[in-house]
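Chains as they are written, first to last, in my numbering: chain A, 29 to 205; chain B, 9 to 375.
For every residue, glycine included, the Cβ atom is placed at its ideal position computed from N, Cα and C.
Source: prediction; values computed, not measured.
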Amino acid sequence: MGRDRSEFGDFVTARWPAMLRTAYLLTGDHGHAEDLVQTALAKCFVAWPRLRASAAADAYVRKAVLNTYLSWRRKRSWHELPSDQPPERAGVDSTEGLAQRSVVMDALATLPPKQRAVVVLRFYDDLGVQQVAQHLGCTTGSVKRQTSVALAKLRTVLGEAADLVEEAPSVDGRGRR
Amino acid sequence: MSPTMKDLLSDEVRDLPTSPIPVDAVIGDGRRRLRRHRATSGTAAFAAVAAVAALAVQGLPSDDGFAGVGEFEQRKVTYATASTIHYGGQGIDVSPHQVWSFAQTDDGFVFTTESGDVYLADGETVEQIGDGNDDGLLAADDTGSYVAWVDSDAEAVVYDTADRAEVTRTAVDGEPTDGVWLDDDAPYAVAVDGDVAYWRTGDGVVAWNLTTQSGEVLVAHSDHFYVQDIADGRIAQVWTAGADLPRHVVVNTDPDAERPLFPMTERTDLSPSGHHLALGDRFAPAGWIYDVARRDDVTPTLPAGYRRVFVTQWIDDDRYVARAQPEGSDQIDLLRCSISAGTCSVAASAVGSAGDVQYPVGQVDPY
């Protein structure tokens with residue numbers, strides 16, 4: 029089975045926005061997020077003849093995003109800038125695309141890569157513990173521990189402003205929403 | 009009622025900037041990976057079988073699938089400060105060396121030091137591959153593994169970062185054959201475009217075919233053209249002939265043709281396929297982007313409050329990276345721009361002071 033450019037292009041077009049959002053929450057940077065998704069989808073292209081038949085492309089590309097993210101983080105640091113000391117820029121219009129880091133993104137930036145991935149997968153992508161464990165290649169117990177530690181850290185930053193526990197998806201992957 | 013974590017995270021991504029989905033770039037990246045994968049499979053059958061077996065068991069990819077082979081094919085926001093080359097979110101430490109100038113290939117980064125030594129950094133090791141490059145001038149294509157320079161022995165060198173070996177070393181003569189010296193007549197590498205490397209000599213700009221290992225003069229010295237960049241066969245050159253006309257930049261596939269004309273600037277950079285032309289001049293407040301075929305100014309809208317905005321890198325034919333200085337600051341921000349979207353956004357803030365930041369342009373910061 030070959031690589032149908034049109035079919036793969038449609039897949040990229042369909043999946044790009046959602047993957048970009050997940051990648052942004054992982055990296056905290058729009059440019060890094062685009063790089064991450066492009067790399068993951070390029071890997072998907074290599075495996076496309078097998079994936080298109082198995083309907084596993086979504087899981088594959090999500091896994092590729094995660095693996096690439098964790099690999100990049102293992103190799104070197106990201107250049108995430110804290111927002112408490114923003115560079116002074118006289119006359120710069122913040123609505124023109126300048127990165128304005130929020131309290132939430134700063135809180136996520138305090139987490140180690142795997143904990144951040146757990147938070148994003150469970151609370152944004154609505155994946156269950158079992159699914160997160162499969163994506164990250166670890167046990168369900170590890171996911172639960174990482175979730176607990178991550179939420180405790182986030183709570184110290186975000187305070188009581190957010191309900192950080194109640195909305196966690198159930199183990200089988202069905203979120204409350 | 010307090011917002012849930014889902015609410016907070018969803019809010020963060022609700023208004024992400026939208027830019028065109030780079031389908032062509034993804035497929036191009038995928039095809040390069042596929043070629044590398046096939047090449048690797050052919051030369052390392054055992055490893056390939058093991059990899060396929062592993063893939064069959066796991067059914068899902070690992071980031072190490074092609075580790076060590078073309079690891080830097082993708083062009084990301086890249087710059088260097090002191091002993092670190094920053095590639096997307098990755099920082100590559102080349103200490104104790106300091107990056108004087110650098111260029112990217114699919115396999116890593118070739119950089120020079122102030123003493124003229126040339127090194128290859130692949131993310132794991134830093135290896136000296138040359139010396140005598142006193143001007144810090146390097147030429148590399150937008151994709152591929154060749155990098156070229158001219159050393160102090162007046163030898164043009166082309167190094168293949170995939171094979172980790174020189175593929176060409178040939179003497180070049182900087183003495184003008186017509187006895188007329190132009191500005192900057194020392195020989196240097198002008199560009200690499202596919203399997204052809206170009207260098208400036210006393211005879212003019214020589215096109216050196218890396219397959220046949222033979223060269224011919226593309227633009228003669230006496231023609232008074234300065235070739236500045238070559239991409240996908242398109243040649244950008246400064247036309248100096250005609251005392252009654254101001255200098256212009258011309259882009260064409262035939263060096264004897266004179267049109268179309270673009271404003272004269274110090275620096276020109278063609279996009280990978282030569283469809284767009286970036287013009288920059290350190291005396292101008294900002295650079296320009298032109299559609300070469302239509303001769304239209306297609307410069308995206310810049311965020312307010314910046315000056316000295318110039319292209320430092322093409323990501324693909326549509327996207328590029330530009331250095332920019334906030335008004336009243338000597339710090340450099342890097343902007344990521346899309347021509348089709350007509351917008352730029354900040355990719356990295358305050359990466360260093362002007363003059364302390366180097367870009368993958370194959371020369372010491374030209375701005």
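List the residues that DSSP assigns as beta-bridge partners of residue i.
{"i": "Val200(B)", "result": "Ala205(B)"}
{"i": "Ile93(B)", "result": "Ala88(B) and Ile100(B)"}
{"i": "Tyr367(B)", "result": "According to DSSP, which records beta bridges pairwise, Tyr367(B) is partnered with nothing at all."}
{"i": "Gly282(B)", "result": "Beta-bridge pairing links Gly282(B) to no other residue."}
{"i": "Ala135(A)", "result": "DSSP lists no partner for Ala135(A)."}
{"i": "Tyr167(B)", "result": "Val155(B) and Glu174(B)"}
{"i": "Arg290(B)", "result": "DSSP output for Arg290(B) lists no bridge partner at all."}
{"i": "Val329(B)", "result": "Gln321(B) and Arg344(B)"}
{"i": "Ile35(B)", "result": "BP columns for Ile35(B) are empty, so no partner."}
{"i": "Leu128(B)", "result": "Val118(B) and Glu135(B)"}
{"i": "Ala148(B)", "result": "Val155(B)"}
{"i": "Tyr8(B)", "result": "Since the displayed chain B opens at 9 and closes at 375, residue 8(B) lies outside it and no answer follows."}
{"i": "Thr55(A)", "result": "According to DSSP, which records beta bridges pairwise, Thr55(A) is partnered with nothing at all."}
Under the rule that 16 or more other beta-carbon atoms within 10 Å means buried, what is residue i, buried or exposed?
{"i": "Ser337(B)", "result": "buried"}
{"i": "Gly363(B)", "result": "exposed"}
{"i": "Leu69(A)", "result": "buried"}
{"i": "Leu24(B)", "result": "exposed"}
{"i": "Ser353(B)", "result": "buried"}
{"i": "Pro140(A)", "result": "exposed"}
{"i": "Pro195(B)", "result": "buried"}
{"i": "Asp201(B)", "result": "buried"}
{"i": "Pro334(B)", "result": "buried"}
{"i": "Phe291(B)", "result": "exposed"}
{"i": "Thr261(B)", "result": "exposed"}
{"i": "Asp324(B)", "result": "buried"}
{"i": "Gln66(A)", "result": "buried"}
{"i": "Met29(A)", "result": "With a pLDDT of only 45 at Met29(A), under the threshold of 50, the placement of this residue in the model should not be trusted, and no figure is reported."}
{"i": "Arg177(B)", "result": "exposed"}
{"i": "Glu122(B)", "result": "exposed"}
{"i": "Ala173(B)", "result": "exposed"}
Return helix, strand or coil for residue i, following the three-state DSSP convention.
{"i": "Gly138(B)", "result": "strand"}
{"i": "Ser105(A)", "result": "Annotation note: pLDDT 42 at Ser105(A) (below 50); position unreliable, coordinate value reported separately. In the structure shown, Ser105(A) sits in coil (DSSP, three-state: anything other than H, G, I, E or B)."}
{"i": "Pro214(A)", "result": "Only positions 29 to 205 of chain A appear in the structure, and residue 214(A) is not among them; the question remains open."}
{"i": "Glu35(A)", "result": "helix"}
{"i": "Phe151(A)", "result": "helix"}
{"i": "Leu24(B)", "result": "coil"}
{"i": "Thr223(B)", "result": "Checking the sequence shown, residue 223(B) turns out to be Gly, not Thr. Three-state result, Gly223(B): strand."}
{"i": "Val306(B)", "result": "coil"}
{"i": "Pro45(A)", "result": "helix"}
{"i": "Ala87(A)", "result": "helix"}
{"i": "Ala162(B)", "result": "coil"}
{"i": "Val93(A)", "result": "helix"}
{"i": "Tyr314(B)", "result": "strand"}
{"i": "Ala349(B)", "result": "coil"}
{"i": "Val213(B)", "result": "strand"}
{"i": "Val146(A)", "result": "helix"}
{"i": "Thr261(B)", "result": "coil"}
{"i": "Asp15(B)", "result": "helix"}
{"i": "Pro77(A)", "result": "helix"}
Along the alpha helix (DSSP H) that carries residue i, what are the first and last residues, could you check?
{"i": "Val74(A)", "result": "His58 to Val74"}
{"i": "Gly169(A)", "result": "Thr168 to Leu186"}
{"i": "Val157(A)", "result": "Val157 to Leu164"}
Please list the terminal residues of the continuous beta strand (DSSP E) segment that includes residue i.
{"i": "Trp157(B)", "result": "Tyr154 to Val158"}
{"i": "Phe80(B)", "result": "Unbroken run through Phe80(B): none, as it is neither H nor E."}
{"i": "Ser357(B)", "result": "It is not in any beta strand (DSSP E) - Ser357(B) carries neither H nor E in the DSSP assignment."}
{"i": "Ile297(B)", "result": "Trp296 to Asp299"}
{"i": "Thr113(B)", "result": "Ser109 to Thr113"}
{"i": "Ala244(B)", "result": "Arg242 to Trp247"}
Quick one: Cα of residue i to Cα of residue j, how far?
{"i": "Arg331(B)", "j": "Ala88(B)", "result": "12 Å"}
{"i": "Ile100(B)", "j": "His94(B)", "result": "6 Å"}
{"i": "Arg39(B)", "j": "Asp237(B)", "result": "26 Å"}
{"i": "Asn95(A)", "j": "Trp76(A)", "result": "18 Å"}
{"i": "Asp161(B)", "j": "Tyr367(B)", "result": "26 Å"}
{"i": "Leu17(B)", "j": "Tyr97(A)", "result": "18 Å"}
{"i": "Val227(B)", "j": "Ala215(B)", "result": "9 Å"}
{"i": "Val131(A)", "j": "Gly56(A)", "result": "12 Å"}
{"i": "Val213(B)", "j": "Leu285(B)", "result": "20 Å"}
{"i": "Val165(B)", "j": "Gly140(B)", "result": "11 Å"}
{"i": "Val93(A)", "j": "Val246(B)", "result": "44 Å"}
{"i": "Asp143(B)", "j": "His58(A)", "result": "36 Å"}
{"i": "Val365(B)", "j": "Ile340(B)", "result": "8 Å"}
{"i": "His163(A)", "j": "Asp168(B)", "result": "37 Å"}
{"i": "Asp32(B)", "j": "Cys72(A)", "result": "14 Å"}
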